[in-house]
Amino acid sequence: MFDTALYFIGALGAVSGRVAPILPGEAHGLVLEVDGTRLIDGVDLRLATPGVTVIMGPNGAGKSLLLRLLHGMMPPTEGRITWGGAPLTDAVRARQAMVFQRPVLLRRSVAANIDFVLKLRGDAAADRRDALLDHVGLGDHAAQPARLLSGGEQQRLALARALAIEPEVLFLDEPTASLDPASMQRIEQIVGTASLSGTKVVFVTHERSQARRLADDVVFIHRGRVLEHTAADRFFDRPESDAARDYLSGRILL
């Protein structure tokens with residue numbers, strides 16, 4: 041459906057100067073149909089403030105598809121998406137970054153993965169690269185082939201490369217899935233620091249405990265529809281929909 045490697049090569053572009061902020065991000069009447077099946081069904085959504093927005097829901101609810109639509113990785117069947125009131129153009133996407141569940145890395149060294157992005161942005165400074173690698177705990181692995189890193193290390197490299205473009209919006213699609221607790225904690229720390237620095241984070245997870253740790257607000261999606269979008273405390277303490285209550289209690293949603 042979508043080639044993430046080609047996306048990575050094509051979506052990175054140099055951003056010449058700062059223009060108007062791209063928040064809020066808004067979806068209006070968003071629909072995605074594939075082979076006659078409606079996978080995203082009339083979504084209206086507004087991402088207006090900094091912080092971490094967590095998208096939650098059962099398997100197959102449409103979480104990852106919604107994330108890709110918001111980032112312009114695929115066109116909606118119906119509806120429109122705007123950022124800062126403007127259409128979702130390549131120039132807007134160049135001010136965003138995305139990290140996938142499975143890291144998409146270049147078959148180069150750890151350092152060269154960061155250098156590639158910095159050179160595209162016209163910034164080949166080695167000290168910038170080194171600072172990014174130190175920030176994610178990979179400074180001692182700079183010369184190592186990226187493919188030889190552990191799963192958690194590869195994901196941290198993917199995060200460092202995403203942060204290299206200084207994104208205004210960072211999309212994360214279950215970045216800690218299948219990782220050990222120590223790797224999960226390290227990645228959550230990196231995400232939290234990015235959020236505190238002013239980057240808007242939109243984070244897909246199925247881990248309820250992780251969502252409680254990270255979320256400022258929660259988008260709950262079920263069967264392609266957004267049933268709730270509210271502050272995290274309110275969602276976890278007083279969910280409004282039957283589906284959200286069942287989901288939080290561990291019941292299976294069909």
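Heads up, the sequence shown is in the numbering used here, so the first residue is 41 and it goes up one at a time.
In this text, a Cβ means the ideal position worked out from N, Cα and C, and glycines have one as well.
Along the chain, where does the beta strand (DSSP E) containing residue i start, and where does it finish?
{"i": "residue 228", "result": "First-last for residue 228: 221 to 236, but that is the alpha helix (DSSP H), not the beta strand (DSSP E)."}
{"i": "residue 65", "result": "65 to 74"}
I'd like to confirm the pairing. Which residues does DSSP put opposite residue i in its beta bridges?
{"i": "residue 103", "result": "None; residue 103 has no bridge partner."}
{"i": "residue 136", "result": "209"}
{"i": "residue 260", "result": "96 and 268"}
{"i": "residue 276", "result": "Note: residue 276 sits in no beta bridge, so no partner."}
{"i": "residue 81", "result": "71"}
{"i": "residue 87", "result": "65"}
{"i": "residue 241", "result": "92 and 210"}
{"i": "residue 185", "result": "149"}
Skipping 5 residues on each side, what residues in its chain have a beta carbon closer than 8 Å to that of residue i?
{"i": "residue 227", "result": "192, 195, 196, 199, 215, 216 and 219"}
{"i": "residue 181", "result": "150, 173, 189 and 193"}
Expressed to the nearest angstrom, what Euclidean distance is found between the alpha-carbon atoms of residue i and residue j?
{"i": "residue 139", "j": "residue 186", "result": "16 Å"}
{"i": "residue 166", "j": "residue 62", "result": "29 Å"}
{"i": "residue 43", "j": "residue 137", "result": "Low per-residue confidence applies at residue 43: pLDDT is 47, beneath 50, and the placement is therefore not dependable, though the value from the model is reported in the following sentence. Approximately 16 Å, taken between the alpha carbons."}
{"i": "residue 292", "j": "residue 73", "result": "25 Å"}
{"i": "residue 290", "j": "residue 111", "result": "30 Å"}
{"i": "residue 115", "j": "residue 109", "result": "7 Å"}
{"i": "residue 145", "j": "residue 162", "result": "20 Å"}
{"i": "residue 275", "j": "residue 283", "result": "12 Å"}
{"i": "residue 208", "j": "residue 135", "result": "6 Å"}
{"i": "residue 174", "j": "residue 91", "result": "24 Å"}
{"i": "residue 77", "j": "residue 230", "result": "37 Å"}
{"i": "residue 204", "j": "residue 240", "result": "15 Å"}
{"i": "residue 285", "j": "residue 267", "result": "11 Å"}
{"i": "residue 122", "j": "residue 270", "result": "20 Å"}
{"i": "residue 168", "j": "residue 93", "result": "28 Å"}
{"i": "residue 280", "j": "residue 273", "result": "12 Å"}
How would you write the range of the alpha helix (DSSP H) that residue i sits in, first residue to last?
{"i": "residue 192", "result": "191 to 203"}
{"i": "residue 158", "result": "150 to 160"}
{"i": "residue 120", "result": "Not the alpha helix (DSSP H): residue 120 falls in the beta strand (DSSP E), residues 118 to 123."}
{"i": "residue 248", "result": "248 to 254"}
{"i": "residue 169", "result": "166 to 175"}
{"i": "residue 282", "result": "282 to 288"}
By Cβ distance, which residues of its chain are closer than 7 Å to residue i, with the 5 residues on each side in sequence left out?
{"i": "residue 201", "result": "153, 154 and 157"}
{"i": "residue 118", "result": "69 and 71"}
{"i": "residue 57", "result": "Annotation note: pLDDT 48 at residue 57 (below 50); position unreliable, no value reported."}
Quick one: residues in its chain with C-beta nearer than 6 Å to the C-beta of residue i, no 5 flanking neighbours on either side, listed in chain order?
{"i": "residue 101", "result": "261 and 262"}
{"i": "residue 164", "result": "158"}
{"i": "residue 301", "result": "As shown, the chain starts at 41 and ends at 294. That puts residue 301 outside it, with no answer to give."}
{"i": "residue 81", "result": "264 and 265"}
Does residue i come within less than 9 Å of chain C when only Cβ atoms are used?
{"i": "residue 78", "result": "No chain C is part of this structure, which consists of one protein chain only."}
Original post:
Given 8 Å as the limit, is there contact between the segment 74 to 85 and the segment 237 to 250, that is, 3 or more CB pairs closer than that?
Top reply: Too few Cβ pairs lie closer than 8 Å, so no.
Original post:
Between the segment 87 to 98 and the segment 258 to 272, are three or more C-beta pairs nearer than 8 Å?
Top reply: The segment 87 to 98 vs the segment 258 to 272: in contact.
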